[in-house]
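Residue numbers (the working numbering): 1 to 333.
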Amino acid sequence: MTGENRIFLDVRQSASGVSWEHRLTERQDMTALAIAQGFGVPDIVARVLAGRGVTAEQTERFLDPTIRDLLPDPASLTDMGKAAARIAEAIVTRERVGIFGDYDVDGAASSALLKRFLTHFSVPAEIYIPDRIFEGYGPNPEAMRDLVSRGATLIVTVDCGTNSAVSIDAAKAAGADVVVLDHHQLGGPLPAAEAVVNPNREDDLSGQGHLCAAGVVFLALVQTARILRGRLPDAAPPDLLGLLDLVALATVCDVVPLTGVNRAFVVKGLQMARQQRNEGLAALARVSRIGEPVNTFHLAYLIGPRINAGGRIGDAALGSRLLATDDARMPIG
1 MTGENRIFLD VRQSASGVSW EHRLTERQDM TALAIAQGFG VPDIVARVLA
51 GRGVTAEQTE RFLDPTIRDL LPDPASLTDM GKAAARIAEA IVTRERVGIF
101 GDYDVDGAAS SALLKRFLTH FSVPAEIYIP DRIFEGYGPN PEAMRDLVSR
151 GATLIVTVDC GTNSAVSIDA AKAAGADVVV LDHHQLGGPL PAAEAVVNPN
201 REDDLSGQGH LCAAGVVFLA LVQTARILRG RLPDAAPPDL LGLLDLVALA
251 TVCDVVPLTG VNRAFVVKGL QMARQQRNEG LAALARVSRI GEPVNTFHLA
301 YLIGPRINAG GRIGDAALGS RLLATDDARM PIG
């Protein structure tokens, strides 16, 4: 091979006057050929996959990802065992649970995920979303004490809490345990919670740092459900796959990498969203005038912004309430 630049797709000059250079290595060219021949995809698609590092062996899982193949063991995340055990204990003993979430789509979806799971087991749960302007991001001591004053003996923070040591101490002093389910980078010492599940902890070796908070919450629910099979053997199991519409929504709107299990979350979650089993999502699709099966564009640019809007017009918890409700008559403004 010569050192001359190769032209991509025989386009020597685009309308803007630039050439399209072929940037694949010889090995990637061979991979692209194998992908095109083995999976019947167009040459351009095969080249893009090869250029992104997808091998011929990985192509099937990349193009048709499944939860069965890609879901990691939840127990591989640091502190997951302790977190799931504490949530399971709250379910078995019917404790009141406070859910403290962030005001973005990931926080709303994560809060709704946990609320729906707890509601399945008839556990009383309350979602608290802070006011974007007056309270800011993450737990604050006053809000945590407020949840405890209303009966919460367990507070689970979702999409926040990793850097909230002072607020978590306030909740503990008021009489509640705290479990953190988060994915944000740690900016100081870990808070003294019952468990801090965060794949971006320095001591977490799970390799799941690409998850959004809803992905972390989903794994926590999987692990909790495993525990409950032994502790509540007569209880009907929750439909965890039915919750993947919320995980897909958060995964797309939080713009995390669509690699590994995230791809499966989105593929399966879109299938669930198209069934319109979540009344809140279905209502948002209607007001967004989506006249076709829901896709990632709709989640990112039509539904997601409407959920975020609640926090900007004075009702930060509106999005999480919508995603958690089964009441088709709930007013959405």
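Glycine included, every Cβ here is placed at the ideal spot set by N, Cα and C.
Computed from a predicted structure; not experimentally measured.
Which word fits residue i, buried or exposed, when buried means at least 16 other C-beta atoms lie within 10 angstroms of its C-beta?
i	result
S14	exposed
V287	exposed
V166	exposed
D106	buried
M80	buried
P305	exposed
Q28	buried
G291	exposed
M144	buried
V294	buried
I127	buried
G338	Missing from the structure shown is residue 338; the chain here goes from 1 to 333 and no further.
V123	buried
R6	exposed
Can you tell me the Cβ-Cβ gap for residue i and residue j, rounded? I've got them flagged as a contact below 8 Å.
i	j	result
A176	L190	Actually they are not in contact, since the Cβ atoms of A176 and L190 sit about 18 Å apart, beyond 8 Å.
A317	I129	4 Å
A248	V222	In fact, because the Cβ distance is near 16 Å, the residues do not count as touching under 8 Å.
G187	N163	5 Å
P74	A220	7 Å
L70	A264	5 Å
A250	A213	7 Å
Does DSSP put residue i in a helix, in a strand, or in coil?
i	result
D177	strand
Y128	strand
A248	helix
E135	coil
V197	strand
L232	coil
P238	coil
I91	helix
F62	helix
D73	coil
R321	helix
S110	helix
T259	coil
F297	helix
A55	The sequence given here has Thr at residue 55, not Ala. T55 falls in the coil class under three-state DSSP.
C212	coil
L205	coil
Q28	helix
State the beta-bridge partners of residue i as determined by DSSP.
i	result
T157	F100 and V180
_With three or more C-beta pairs closer than 8 Å as the rule, is the stretch 169-187 touching the stretch 54-66?_
no
*asked:* Would the stretch 255-266 count as touching the stretch 310-317 if we require 3 or more Cβ pairs under 8 Å?
replied: No contact exists between the stretch 255-266 and the stretch 310-317.
*Would you call the stretch 91-100 and the stretch 148-162 touching, i.e. three or more CB-CB distances under 8 Å?*
The stretch 91-100 is in contact with the stretch 148-162.
*asked:* Assess contact between the stretch 266-280 and the stretch 236-250, defined as three or more Cβ pairs (one per stretch) separated by less than 8 Å. Is contact present?
replied: yes
*On the three-pair Cβ rule with 8 Å, is the stretch 273-283 touching the stretch 229-237?*
no
*Pairing CB atoms from the stretch 90-97 with CB atoms from the stretch 202-213, are three or more of them under 8 Å?*
no
*Answer yes if the stretch 316-330 comes into contact with the stretch 108-119, meaning at least three C-beta pairs across the two stretches below 8 Å, and no otherwise.*
With three or more CB-CB distances shorter than 8 Å, the stretch 108-119 counts as touching the stretch 316-330.
*Three or more C-beta pairs closer than 8 Å, one from the stretch 41-55 and one from the stretch 194-204: is that the case here?*
Counting C-beta pairs closer than 8 Å gives fewer than three between the stretch 41-55 and the stretch 194-204, which falls short of the contact rule.
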